[in-house]
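Numbering (the numbering used here), first residue to last: 219 to 408.
Take a look at the structure below.
So this is what it looks like as structure tokens:
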């Protein structure tokens, strides 16, 4: 199960048992701008997959007072589903570390002057993101937003601080390499 849609849907079912259309609406509200459905039917395919894997189960049908309406099947998480979701979330930590290592390797293959240019462009992007984040915070919306928004804002702030510190570290080392290259070039006979 590689699709983040499937896992995100499982998280919504963990939050509270729901039926398909309600899950479509909750998915779109919760993951708006972060994760998108190819179509609403993707939720139903994901629910089918989650059920086949034993991660969710159908709740027993509730007696409906309106006999003209067909009851909506509600899904709830299983113990296996809850465990699998937590394991999946934790597994992402290694992926983030791998991306950071890959970025460092990709910069390291460049000549120091080019690598310094990349680092300085990254700094400009980080500073733009920090400015945008501070404007969002200053707008007064933070106090009325939910836990998700507060967690995202704090993670963004801390990541930006860490990235800016790393950029300064990389800049010092790259400038040192550039200086060593220039000194070496000046000492060589022409």
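Glycine residues also receive a C-beta, built at the ideal position from the N, C-alpha and C atoms.
| residue 248 and residue 230: beta carbons closer than 9 Å? | yes
| Boundaries (first-last residue) of the alpha helix (DSSP H) holding residue 293 | Unbroken run through residue 293 is the beta strand (DSSP E), 292-295; no alpha helix (DSSP H).
| request: Whole angstroms is fine: what's the gap from residue 343's alpha carbon to residue 276's? | output: 46 Å
| Residue from 239, 395, 390 and 255 with nearest C-alpha to residue 223 | 255
| field | Euclidean distance between Cα positions of residue 326 and residue 396 | value | 13 Å
| field | residue 231 (DSSP reduced to helix, strand or coil) | value | helix
| Roughly how far, in whole angstroms, is the beta-carbon of residue 227 from the beta-carbon of residue 268, given that I think they are within contact range, below 8 Å? | 7 Å
| query | Are the beta-carbon atoms belonging to residue 322 and residue 392 less than 9 Å from one another? | reply | no
| Cβ separation of residue 232 and residue 303, assumed to be a contact under 8 Å, to the nearest whole Å | 6 Å
| said: Among 403, 239, 373 and 378, whose alpha-carbon lies nearest the alpha-carbon of residue 291? | reply: 239
| task | Measure the alpha-carbon distance for residue 366 versus residue 403 and round it to whole angstroms. | result | 54 Å
| request: Below 6 Å CB to CB, which residues in the same chain sit around residue 338 once its five sequence neighbours on both sides are set aside? | output: none
| field | Candidates 259, 319 and 237, of which the one nearest residue 288 by Cα | value | 237
| task | Quick one: grab the DSSP three-state call for residue 387. | result | helix
| request: Have a look at the DSSP bridge pairing and note the partners of residue 276. | output: 293
| message | I'd like to check one pair, residue 273 with residue 202: are the Cβ atoms closer than 9 Å? | response | Residue 202 lies beyond the residue range present for the chain, which begins at 219 and ends at 408; the question has no answer from this structure.
| task | For residue 264, count neighbouring Cβ atoms within 10 angstroms of its own Cβ and tell me buried if that reaches 16, exposed if not. | result | buried
| field | Cα-Cα separation between residue 246 and residue 399, rounded to whole angstroms | value | 53 Å
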